[in-house]
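Student: Below you'll find the structure I mean.
Protein chains: 2
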Amino acid sequence: MQSMSVEVIEVGPRDGLQNERAIVPTAAKVAYVEALVAAGLRRVEAVSFVHPGRVPQMADAEEVMARVPRVPGVRYAGLVLNGRGLDRALTAGVDEVNAVVVATETFSRRNQGMSVDDAVRGFGVIAERARGAGLTVTLTVAASFGCPFEGEVDPARVADLVRRCPGAQEVALADTIGVGVPAGVRRLAEAVGEATAAPLRFHFHNTRNTGYANAVAALEAGAAALDASAGGIGGCPFAPAATGNIATEDLLYLLHRSGVRTGADLPGVLAAAALIEKELDGRLPAQLGRAGIWPPPAH
Amino acid sequence: MQSMSVEVIEVGPRDGLQNERAIVPTAAKVAYVEALVAAGLRRVEAVSFVHPGRVPQMADAEEVMARVPRVPGVRYAGLVLNGRGLDRALTAGVDEVNAVVVATETFSRRNQGMSVDDAVRGFGVIAERARGAGLTVTLTVAASFGCPFEGEVDPARVADLVRRCPGAQEVALADTIGVGVPAGVRRLAEAVGEATAAPLRFHFHNTRNTGYANAVAALEAGAAALDASAGGIGGCPFAPAATGNIATEDLLYLLHRSGVRTGADLPGVLAAAALIEKELDGRLPAQLGRAGIWPPPAH
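Chains A and B are the protein sequences, given in the same order. Once you know that position 198 of the first sequence is 198 in the numbering used here, the rest is easy, because the numbers rise by one and skip nothing. Once you know that position 264 of the second sequence is 264 in the numbering used here, the rest is easy, because the numbers rise by one and skip nothing.
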């Protein structure tokens, strides 16, 4: 692989828990984050500042942020969709803002309630205000690989959108519905790499079992960061289409055994996953907890 | 990817069913194979000629072989471990013999009941007899990526074993316990590629969620064939460590969308997986049947 180290960004507390049926108590969320930080993860997307009526799983975002350990070197991100979300994020004291723009018009209107043009303008305002407040700004392009309403998404369209959203210190390409394949990852990385000088981050779901292969392809294409959720949470095992993020522990297993450093500690991540498993229905999509680290740690 | 086409070898009827708790009736096995052949799969590892006391799931191997459709261009393989198994395979009329040698001494003695030296000699006899009878011979090296008793397996050790087993028309490298990662696949393909001129085939289990990334790495390293099982069967969903093969449908999804041709038909494979799911406990490890083909087929 091209990169011999990569940043793994833990998104279980946000994207994972946001998509679980269960509403996890604040204390359990905080314990999950504590375990993740103890495992050496240095960037944690901890919360989402969206309307609690729409996403009740994230209604306690401020309380979570007030209670997570503020360790030197650990940065917490909050997802925001609009100015109101940014106000909350600033008050709550996140280190990073992850602002989302959707690649397609239909998905943008249905999911964010605004046109892509309005989202682009909104991003500009969010980015300027957030950077003015000293926060790091990530631009996430949702549905970068495919849209449930418009089908295939042309990498050129994503690249064009990225060009229209300057001001991000990082560009995250999200396979929101889990349809990407490695060849598509390479095409998208190339197109977006020409549109921005910002480091690229990829966000994969393992919906069709391509998530880990996509992660490898992203790394080989020069990705600086990969999202993952401890336990692979976010896809309810009893839902018809499980759509969990790729699991942090399974990703670390693959990376570490391939000689790619992450700074994170695999047994520590397994402990975090075991903590959150108790709060959720059904078994985790992650496999490593069941199969075991290999070779087995020496006694 | 280097190869723009690859042979996908269906091993669900053999490796899949052999590792399921349920004993599937012969008629259901035959229906599964019929569906796989109808889906365009041209090589099917249909049975295993091992002692029925040890593997009761395969006790009806002769009856299965007597009833599967003999379509021009479709080749059936049977797995054999010794001369007695080869006798049965020849009588049953398989087209190919898959003969197994284990990469490590301890696993060989425990699983096959013989030393590696004896297995190498046995392979020579099997290969000569099978080729004399006009059959294609595959050498499978089990535990090529790791051994439950001896830990990591050096690619040089696998390559040495392959050199000691001439007479195979194909060399299959099996990640029997599902511990491989892409970097290891590349190392092994390189080492074994120098040891034999025979085409390389890879056999992955998705035990730790690395199976599909490994398949991509194998293709990029020049693999001619990949094993997969429709439904991803072989890993009981209720067992502590699910160890199913990579799923044929999920692999085809990844390959076809990456521009790699296989000759197989995805909806047909989904139909085969749905057939076998009814015979087994719990849900299939394959994801595509739940998530759906994407983009959705036109109406």
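From the three backbone atoms N, C-alpha and C, an ideal C-beta is built for every residue, glycine too. Quantities reported herein were computed from a predicted structural model and do not represent experimental measurements.
Quick check: what's the CA-CA separation for Val316 of chain B versus Gly292 of chain B?
Tutor: Within the shown structure, residues of chain B are numbered from 1 to 299, placing residue 316 of chain B beyond reach of any answer.
Student: Please list the terminal residues of the continuous alpha helix (DSSP H) segment that includes Asp117 of chain A.
Tutor: From DSSP, the alpha helix (DSSP H) with Asp117 of chain A extends over Val116 to Gly132.
Student: Should Arg129 of chain A and Leu79 of chain A be called a contact, given that it needs their Cβ atoms to be closer than 7 Å?
Tutor: Their beta carbons are not under 7 Å apart, which means Arg129 of chain A does not touch Leu79 of chain A by this criterion.
Student: When you check each C-beta in the segment 156–181 of chain A against every C-beta of chain B, which residues fall closer than 9 Å?
Tutor: Here the close residues are Ile177, Gly178, Val179, Gly180 and Val181.
Student: Taking the alpha helix (DSSP H) that Ile276 of chain B belongs to, which residues open and close that run?
Tutor: It spans Leu266 to Glu277 - the alpha helix (DSSP H) in which Ile276 of chain B sits, taken as one unbroken run.
Student: So which residues on chain A does Pro295 of chain B lean against when the C-beta distance must stay under 9 Å?
Tutor: The answer, in chain order, is Gly146, Gly151, Glu152 and Val179.
Student: May I ask you to list, following chain order, the residues of the segment 274–295 of chain A that have a beta carbon less than 8 Å from some beta carbon of chain B?
Tutor: Cβ contacts with chain B: Ala286, Gln287, Leu288, Arg290, Ala291, Gly292, Trp294 and Pro295.
Student: Rounding to the nearest angstrom, what Cα-Cα distance links Pro297 of chain A and Ala159 of chain A in this structure?
Tutor: C-alpha separation (whole angstroms): 44 Å.
Student: Any C-beta of chain A sitting closer than 7 Å to the C-beta of Ser229 of chain B?
Tutor: No - not a single Cβ of chain A is within 7 Å of the one on Ser229 of chain B.
Student: Round the Cβ separation of Ala143 of chain A and Val102 of chain A to the nearest angstrom and send it over; I've been treating them as touching at under 8 Å.
Tutor: Yes, Ala143 of chain A and Val102 of chain A are in contact; Cβ-Cβ is about 5 Å, under 8 Å.
Student: Would you say Arg208 of chain A lies against chain B (beta-carbon separation less than 7 Å)?
Tutor: Taking Cβ atoms only, chain B reaches closer than 7 Å to Arg208 of chain A, which makes this a yes.
Student: Should the segment 106–124 of chain A be regarded as contacting the segment 148–159 of chain A, the criterion being three or more beta carbon pairs within less than 8 Å?
Tutor: A contact exists between the segment 106–124 of chain A and the segment 148–159 of chain A.
Student: Mind checking Lys278 of chain A: buried by the 16 CB within 10 Å criterion, or exposed?
Tutor: It is exposed - the Cβ of Lys278 of chain A has fewer than 16 other Cβ atoms within 10 Å.
Student: With 7 Å as the threshold, decide whether the Cβ of Ala183 of chain B is near any Cβ in chain A.
Tutor: Taking Cβ atoms only, chain A reaches closer than 7 Å to Ala183 of chain B, which makes this a yes.
Student: Measuring straight from C-alpha to C-alpha, what distance separates Gly132 of chain B and Glu96 of chain B?
Tutor: Near 12 Å, if we compare the C-alpha coordinates of Glu96 of chain B and Gly132 of chain B.
Student: Return the first residue and the last residue of the beta strand (DSSP E) that Leu280 of chain A is part of.
Tutor: First-last for Leu280 of chain A: undefined, no H or E at that position.
Student: Could you check the C-alpha separation between Arg21 of chain B and Val50 of chain B for me, to the nearest Å?
Tutor: So the alpha carbons of these two residues sit roughly 17 Å apart.
Student: For Tyr253 of chain A and chain B, any beta-carbon pair shorter than 7 Å?
Tutor: Closer than 7 Å: yes.
Student: Is the distance from the Cβ of Ala273 of chain A to the Cβ of Gly289 of chain A below 7 Å?
Tutor: Yes, they are a contact pair.
Student: Tell me the DSSP secondary structure of Ser258 of chain A in three-state form.
Tutor: Ser258 of chain A: coil per DSSP, three-state reduction.
Student: Using a Cβ cut-off of 9 Å, pull out every chain B residue sitting near Ala77 of chain A, in sequence order please.
Tutor: Within 9 Å Cβ-Cβ: nothing; Ala77 of chain A doesn't reach chain B, min ~25 Å.
Student: Counting only runs that start and end within the segment 141–200 of chain B, where is the alpha helix (DSSP H) found for 4 or more residues in a row?
Tutor: Here the runs fully enclosed are 155–163 and 182–195.
Student: Is Pro267 of chain A a contact residue of the ligand GDP, with contact defined as CB to any heavy atom under 6 Å?
Tutor: The ligand GDP is absent from the structure shown, which contains no ligands of any kind.
Student: On the premise that Ala223 of chain B lies in contact with Phe202 of chain B, defined as a C-beta separation below 8 Å, what is that separation, rounded to the nearest angstrom?
Tutor: Confirmed, Cβ separation roughly 5 Å.
Student: Nearest to Gly93 of chain B by CA position, among B:Val120, B:Thr210 and B:Leu135, is which residue?
Tutor: Cα-wise, what sits closest to Gly93 of chain B is B:Leu135.
Student: Beta carbons nearer than 9 Å to chain B: which residues of the segment 98–131 of chain A have them?
Tutor: Listed by position along the chain: nothing, the set is empty.
Student: Mapping DSSP to helix, strand and coil, what is Val97 of chain B?
Tutor: If DSSP states are grouped into helix, strand and coil, Val97 of chain B belongs with the strands.
Student: Short check: CB of Thr26 of chain A to CB of Val64 of chain A, under 7 Å?
Tutor: Cβ atoms of Thr26 of chain A and Val64 of chain A: closer than 7 Å.
Student: Taking the alpha helix (DSSP H) that Val30 of chain A belongs to, which residues open and close that run?
Tutor: Val30 of chain A -> alpha helix (DSSP H) spans Thr26 to Ala38.
Student: Tell me whether Pro56 of chain A is buried or exposed, calling it buried when 16 or more other Cβ atoms sit within 10 Å of its Cβ.
Tutor: Burial call: exposed.
Student: Let's see if you can read the secondary structure: which residues bound the alpha helix (DSSP H) around Asp227 of chain A?
Tutor: Note, Asp227 of chain A: premise wrong, no alpha helix (DSSP H); beta strand (DSSP E) at Ala225 to Ala228.
Student: Check the Cβ of Ser258 of chain B against every Cβ in chain A and list those closer than 8 Å, keeping chain order.
Tutor: Per Cβ cutoff of 8 Å: Val181, Pro182, Ala183 and Gly184.
Student: To the nearest angstrom, how far is it from the Cα of Arg186 of chain A to the Cα of Tyr212 of chain A?
Tutor: Taking the straight line from one Cα to the other gives about 14 Å.
Student: Distance, Cα to Cα, Gly73 of chain A vs Ser48 of chain B?
Tutor: Their Cα atoms are separated by approximately 55 Å.
Student: Pull up the distance between the alpha-carbon of His205 of chain A and that of Thr140 of chain B, whole angstroms please.
Tutor: Going by the C-alpha atoms only, they are around 33 Å apart.
Student: Leaving aside the five residues before and after Gly40 of chain A along the sequence, list all residues of the same chain whose C-beta is less than 6 Å from its C-beta, in chain order.
Tutor: Counting only Cβ-Cβ distances below 6 Å, and skipping sequence neighbours, we find Gly263, Ala264 and Asp265.
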